[in-house]
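Since the structure comes first, as structure tokens, the remarks are kept for the end.
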Amino acid sequence: MMKSFNVSFWRAAAAGFVAVSLSHGAVFYVDPEKGDMGNDGSAERPWKTVEQVFEQNLIQTRDRAGRLKNPDAPMKAGDAILLRSGYHGEIYCRGAYNDDYITIAAEDGHKPRVRRVFFAASGKWIIRGLTVSPSLAPEYKRDRLIYVVDWGGPSADFVIENNTLYLSADAPSWSAEQWDSLACYGISVIADRVKIRNNTLRYVDYGITISGDNITVERNSIEHIAGDGIVCSADNASLLGNTMKYFYKVNANHDDGIQFHRGTDKTTPIYNAVVRGNSVIAWDHAASNPLIGSPQGICNFDIPAINWRIENNLVLVRHHHGITISGCQGGVIINNLAYNPYGGNFFAGILLGTTHGDTPSENPVVRNNLVDSEISLPAAANTADHNIVVKDPKHYFRDPENYDMRHKADSPAIDAGNAALAPETDIDGAGRPQGAGIDIGPYEFENVAAPANK
Numbered sequence: 010m011m012k013s014f015n016v017s018f019w020r021a022a023a024a025g026f027v028a029v030s031l032s033h034g035a036v037f038y039v040d041p042e043k044g045d046m047g048n049d050g051s052a053e054r055p056w057k058t059v060e061q062v063f064e065q066n067l068i069q070t071r072d073r074a075g076r077l078k079n080p081d082a083p084m085k086a087g088d089a090i091l092l093r094s095g096y097h098g099e100i101y102c103r104g105a106y107n108d109d110y111i112t113i114a115a116e117d118g119h120k121p122r123v124r125r126v127f128f129a130a131s132g133k134w135i136i137r138g139l140t141v142s143p144s145l146a147p148e149y150k151r152d153r154l155i156y157v158v159d160w161g162g163p164s165a166d167f168v169i170e171n172n173t174l175y176l177s178a179d180a181p182s183w184s185a186e187q188w189d190s191l192a193c194y195g196i197s198v199i200a201d202r203v204k205i206r207n208n209t210l211r212y213v214d215y216g217i218t219i220s221g222d223n224i225t226v227e228r229n230s231i232e233h234i235a236g237d238g239i240v241c242s243a244d245n246a247s248l249l250g251n252t253m254k255y256f257y258k259v260n261a262n263h264d265d266g267i268q269f270h271r272g273t274d275k276t277t278p279i280y281n282a283v284v285r286g287n288s289v290i291a292w293d294h295a296a297s298n299p300l301i302g303s304p305q306g307i308c309n310f311d312i313p314a315i316n317w318r319i320e321n322n323l324v325l326v327r328h329h330h331g332i333t334i335s336g337c338q339g340g341v342i343i344n345n346l347a348y349n350p351y352g353g354n355f356f357a358g359i360l361l362g363t364t365h366g367d368t369p370s371e372n373p374v375v376r377n378n379l380v381d382s383e384i385s386l387p388a389a390a391n392t393a394d395h396n397i398v399v400k401d402p403k404h405y406f407r408d409p410e411n412y413d414m415r416h417k418a419d420s421p422a423i424d425a426g427n428a429a430l431a432p433e434t435d436i437d438g439a440g441r442p443q444g445a446g447i448d449i450g451p452y453e454f455e456n457v458a459a460p461a462n463k
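Residue numbers for the sequence shown follow this note's numbering, so the first one is 10 and each next one is one higher.
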């Protein structure tokens, strides 16, 4: 049964606690090794686990109608709870809206571990610095590792950042059958106004899946993937600077680096997607596994793509779908590289066609791209210029055998682009132009030493 708390006492006791970023309220502490649920949650007398904090209703929130829940709880909107090293169970929360963000974060220098994080019908939460894996629990259970959904009411205003997610320490040795039966989705969101940034995902099924409106997926690292890297069903989504690498072929799924779709819906458009500075790399020399294969690159096959901007992306795949955007309506595809450095009979390029729902591509701008096959565009009403089909990679790229696709000093792509609509920086953040003109592809040439013996 929930204990009764004197709110004014708790607020006074917490007034001297150390503040964390994005929080101007009180700070509470949880320590699985030294804590006790009979304590007051102070730094000296921490609670035991974050799972128990939720189970014992120690956080004051509001329901969907705005009514106060747990009015005597010590934690309030704007407060933070810092987790210390150890296993905390899981975070499970339904129907919890806040007037200001509540932060659940690792204390500096600590590595708190949880089985999963689940929020439904909730708003204004920050999840930061946790290690999330089903293998940490006494019994492995297949779940989405971080899951924010709209079951029972809308979810909105989440920040999910600096977390580490993985399936199991044994995953590198799993068979295809084990992957197919045990793999979990990484971060899944059905919500509005969400930021998913700086997370590290290793050995997951699908990496990040998003649905809703106004979602940013930024600077996440997703490696060793059994499904798609990122799946977007959201309007006004920004996919920025993410890296996806090592795709495992374990079932009949057509794996993609980044895929857009709305499930069985083939007609409802996705509006205003920004896909900038992402790397989709099938593999490199740093890892090996017999299950590693090649995904498709950045793809939309099903639904109208209205007013998209796809720029500064690096796509290295052994597949003919490098960047394929069907139903591209008024989009800009500029300064990308879609290339197959792995050999075989596949040539990665750019294809703008008609969706499975019969929406054609119209009025796109395709400019300053490097590809290794001819660009396929609608027969009329398009602008395509300053694109290069690379026939001799050693003439263009610094070290293509080791997947270094930056420009060689004498690359024909240097200063050869069109500045109109071009991004102001390159994939690494260098300003454009670095020389007399815009370079073609995602990189601006910077004069650094070439690899030895090349």
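Ideal Cβ placement from N, Cα and C applies to all residues, glycine included.
Judging by CA-CA distance, which residue of Asp419, Ala445, Asp237, Leu191 is the nearest neighbour of Ser197?
Asp237
Could you check the C-alpha separation between Ala431 and Met253 for me, to the nearest Å?
24 Å
Is the separation between the beta-carbon of Leu91 and that of Ala114 shorter than 8 Å?
yes
Three or more beta-carbon pairs under 8 Å between the region 270 to 278 and the region 222 to 232, yes or no?
no
Does Gln305 come out as helix, strand or coil in the three-state DSSP assignment?
strand
Which residues in the same chain as Asn372 place their Cβ atom closer than 6 Å to its Cβ, once the five residues preceding and following it in sequence are excluded?
Gly339, Ala390
Given a cut-off of 8 Å, decide if His329 and Ser382 are closer than it, judged by their beta-carbon atoms.
yes
Give me the Cβ distance between Pro402 and Pro350, rounded to the nearest whole Å; I'm assuming they're in contact under 8 Å.
7 Å
Relative to the alpha-carbon of Asn316, which residue among Ile307, Val284, Phe310, Val324 has its alpha-carbon at the smallest distance?
Val284
Between the C-alpha atoms of Val170 and Thr368, what's the straight-line distance to the nearest angstrom?
Position check: residue 170 holds Glu in this sequence, whereas Val was assumed. Roughly 36 Å separates the two Cα atoms.
On the DSSP letters alone, give me the boundaries of the beta strand (DSSP E) that His416 sits inside.
413 to 416
May I have the straight-line CA-CA distance separating Val126 from Val36, to the nearest angstrom?
20 Å
Can you tell me where the beta strand (DSSP E) with Asp244 in it begins and where it stops?
239 to 244
Does the beta-carbon of Lys417 have 16 or more other beta-carbons within 10 angstroms, so that it is buried, or is it exposed?
buried
What first and last residue would you give for the alpha helix (DSSP H) that runs through Pro402?
402 to 405
From what residue to what residue does the alpha helix (DSSP H) around Leu191 run?
185 to 191
In terms of alpha-carbon separation, which member of Ile319, Asn345, Thr364 lies closest to Ala282?
Ile319
With Gln443 as the anchor, note down where its beta strand (DSSP E) starts and where it stops.
Here Gln443 belongs to no beta strand (DSSP E), and DSSP marks it neither H nor E.
Supposed close pair Arg151, Cys193 - CB separation, criterion 8 Å
6 Å
Can you say whether Ser32 is buried or exposed, counting buried as having 16 or more other CB atoms within 10 angstroms of its CB?
Residue placement at Ser32 is poorly supported in this model, since its pLDDT is 47, which falls under 50; the coordinates still yield a value, given next. Result: buried.
Neighbourhood of Ser303 by C-beta, 6 Å cutoff - its chain only, sequence neighbours within 5 removed
Ala291, Val326, Arg327, His328
Backbone CA spacing between Glu455 and Asn377 [nearest angstrom]:
18 Å
Report yes if the CB atom of Leu361 is closer than 8 Å to the CB atom of Ile449, and no otherwise.
no
Ser30 to Gly286 span [Cα, whole Å]:
In this prediction, Ser30 scores a pLDDT of 46, lower than 50, which makes its location untrustworthy; the coordinate-derived value is nonetheless stated afterwards. If you take the alpha carbons of Ser30 and Gly286, they lie about 27 Å apart.
CB contact flag (Ala130, Ser182, <8 Å)
no
What number of angstroms, rounded off, separates the C-alpha of Ile447 from the C-alpha of Val141?
43 Å
Counting along the chain, where does the beta strand (DSSP E) carrying Phe127 start and finish?
126 to 137
Given 8 Å, three or more beta-carbon pairs between the region 205 to 223 and the region 241 to 256
yes
Please identify the residue among Asp435, Thr363, Gly44 whose C-alpha is closest to the C-alpha of Ile334.
Thr363
My output table needs one value for Ala428: the three-state DSSP class, helix, strand or coil.
coil
For Pro55 versus Asn66, is the C-beta spacing smaller than 8 Å?
no
Name the one or two DSSP bridge partners that Thr140 has.
Arg122, Thr173
Exposed or buried, what is Pro147 when buried is set at 16 or more other beta-carbons lying within 10 Å of its beta-carbon?
exposed
Is the Cβ-Cβ distance between Ile312 and Ile279 less than 8 Å?
yes
Pairwise C-alpha distance: Ala425 and Gly444
10 Å
Looking only at its own chain, which residues have a Cβ that is under 7 Å from the Cβ of Phe356, when we skip the five neighbours before and after it?
His329, Asn349, Asp381, Ser382
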